[in-house]
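All residue numbers for the sequence shown refer to this note's numbering, where the first residue is 1 and numbers rise by one.
Cβ atoms here follow ideal geometry from the backbone N, Cα and C, with glycine treated the same way.
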Amino acid sequence: MSNATLPPSLDSLLGANSALSQRLRAAGTPPKALSLPSLPPALAAKTRAEVVEGELLLIAETSAVAQMLRFHGPRLAREAGLSGFSVRVQAAPEPLARPSSLRPPELDPASAGVIRQAAQLCDHAPLAAALDRLAALATTPSDPND
1 MSNATLPPSL
11 DSLLGANSAL
21 SQRLRAAGTP
31 PKALSLPSLP
41 PALAAKTRAE
51 VVEGELLLIA
61 ETSAVAQMLR
71 FHGPRLAREA
81 GLSGFSVRVQ
91 AAPEPLARPS
101 SLRPPELDPA
111 SAGVIRQAAQ
121 LCDHAPLAAA
131 LDRLAALATT
141 PSDPND
């Protein structure tokens, strides 16, 4: 078989249409991050700015920050030499592994004894098991000699 019957390569097809190849090259480049020195510091700390397709994209952490950016947007776009701007809200992700500030409940030994006795007299097995787990949370009295 001859290779002449195969379609031309994708590169040559893209090269034939320069407008299409320019758009594809532009889409492959990451957005350019900007600094916004004229933005108030409290607002700048909660804002990211990027240039996307010749426009200023302002990314706010909250909707309240986004509202303020809509006010400052025209001036910021002019300062950056861009034709327009848009504002998006994108909350900063919370860290996944964060130590809990919650402490388990503490029971004195007398209360734990009452709960254990209630668990022994309970006819419902799942409730008795839950009461036993609760009684296990009892704190041991501290020894004054420690």
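Applying the criterion that 16 or more other CB atoms from any shown protein chain within 10 Å of the CB defines a buried residue, is L102 buried or exposed?
-> Translated into positions along the sequence shown, residue 102 becomes position 102. When all chains shown are included, L102 counts as exposed.
Whose C-beta lies closer than 7 Å to the C-beta of E79 among residues of the same chain, with five residues either side of it excluded?
-> Start at 1 with the first residue of the sequence shown, and residue 79 comes out as number 79. Only S38 meet the Cβ criterion.
DSSP state of S63, grouped into three classes?
-> Counting from 1 along the sequence shown, the entry for residue 63 is found at position 63. Helix, per DSSP.
On the three-pair Cβ rule with 8 Å, is the stretch 84-92 touching the stretch 48-61?
-> yes
Would you mind reading off the limits of the beta strand (DSSP E) that contains S86?
-> What you label residue 86 is simply residue 86 of the sequence shown in a count that begins at 1. Element bounds for S86: 85-89.
For A235, which three-state DSSP category applies?
-> With the chain running from 1 to 146 in the structure shown, residue 235 is simply not present.
Close Cβ partners of P40 (< 8 Å) along its chain, the five nearest in sequence each way excluded = On the sequence shown, residue 40 is found 40 positions in, with the first residue counted as 1. Nothing listed; no residue qualifies.
Thinking C-alpha only, which one of G113, S35, A118 is nearest T139?
-> Working through the sequence shown from its first residue, we reach residue 139 at position 139. Ranking the options by Cα distance to T139, first place goes to G113.
Buried versus exposed, by CB contacts within 10 Å (16 or more), V52 = Residue 52 sits at position 52 when you count from the first residue of the sequence shown. Its Cβ having fewer than 16 others within 10 Å, V52 is exposed.
Evaluate R131 with the Cβ neighbour count: other Cβ atoms within 10 Å of its Cβ, from every protein chain shown; 16 or more gives buried, anything less gives exposed.
-> Residue numbering aside, residue 131 sits at position 131 when the sequence shown is read from its first letter. According to the sequence provided, residue 131 is Leu. The question's Arg does not apply to it. It is buried - the Cβ of L131 has at least 16 other Cβ atoms within 10 Å.
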